[in-house]
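Below is one structure, written out as C-alpha cells; the observations come after it.
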Amino acid sequence: MKQASNICRMMGILLCLLLSVTGCIQHTAKENNDILVLLKEQADEDFASMNRLLNIAIEEKEYSVINYLTTTAIDSIEVRVGKLQQLNVPPFTQKFKEATLHYAQSLIDVSKAYKSYSLLSDSLMTVQQLDSIREMIRKTECTMDSIQTVLIGVQRDFAREKNIQL
13 MKQASNICRM MGILLCLLLS VTGCIQHTAK ENNDILVLLK EQADEDFASM NRLLNIAIEE
73 KEYSVINYLT TTAIDSIEVR VGKLQQLNVP PFTQKFKEAT LHYAQSLIDV SKAYKSYSLL
133 SDSLMTVQQL DSIREMIRKT ECTMDSIQTV LIGVQRDFAR EKNIQL
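Going by the working numbering, the first residue of the sequence shown is number 13, and it counts up by one from there.
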C-alpha cells in the first residue's frame, strides 16, 4: 500500500512537472509572438508617421523636409531591426523572427525610395526622371506588400503550431 502511494505521488509530481514545462513552452511561444508583433508594430508606426508627414510635405511642396523625414524614419526602424537582431529566440521561433526582420528591412527600403522625392525640388527634373522615381517607389512598395503577406502567413503558422490565439 505504501509503495502504491509513493507511485501515485511520483506520478502526480511528474504530471505537475510535465504540465508546468508544457505551460512554459506555451508561455515562451506566446511571449516571443508578442515581442515580435510589438517590434513589427513599432516599425509600422515609424513608417506610417513618416508617410503621413511625407504626404503633407509633398502636397505643400515642402520638398526640403523629405530627406529629414525619411532619414528619421529609417533611423527609428533600424533601431527596431537592431532589437530584432539581438533577440535571442528558440529555434521554433527563428522563422518568424527572420520574416519580421525581412519585413522591417522592406520598410527601410521603401523609406529610402521615398527619399527620392526630395529631388522634386530640382526644377530641372524631367518627366522621365519623375516617372523613374515613381516606378522605383512602386516596385519597393510591391515588394514590401509581398514580404508583409509572407510575414502574416509565417505568424499564422507559428500561432497555429503553438496554439496561440491571435
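Every residue gets a Cβ at the ideal spot worked out from N, C-alpha and C, and that includes glycine. Being a predicted model, the structure only gives us computed values, none of them experimental.
Counting C-beta neighbours from all protein chains within 10 Å, is the total for residue i 16 or more, i.e. buried, or is it exposed?
i	result
residue 39	Because the pLDDT at residue 39 is just 42, under 50, the model does not fix this residue reliably, and the value given afterwards should be weighed accordingly. Flag for residue 39 reads exposed.
residue 60	exposed
residue 48	buried
Let me check understanding here. Comparing Cα to Cα, which of the options lies closest to residue i?
i	options	result
residue 56	76, 156 and 136	156
residue 131	42, 48 and 144	144
residue 82	164, 119 and 140	119
residue 149	137, 100, 161 and 126	126
residue 73	135, 174 and 108	135
residue 86	133, 110, 103 and 124	124
What residue does the alpha helix (DSSP H) around residue i start on, and which one ends it?
i	result
residue 105	First-last for residue 105: undefined, no H or E at that position.
residue 79	78 to 98
residue 74	Taken as a continuous stretch (DSSP letters only), residue 74 belongs to no alpha helix (DSSP H), as it is neither H nor E.
residue 151	139 to 173
What whole-angstrom Cβ distance do residue i and residue j have, given they're in contact under 8 angstroms?
i	j	result
residue 52	residue 129	At roughly 25 angstroms, the Cβ-Cβ gap does not stay under 8 angstroms, so residue 52 and residue 129 are not in contact.
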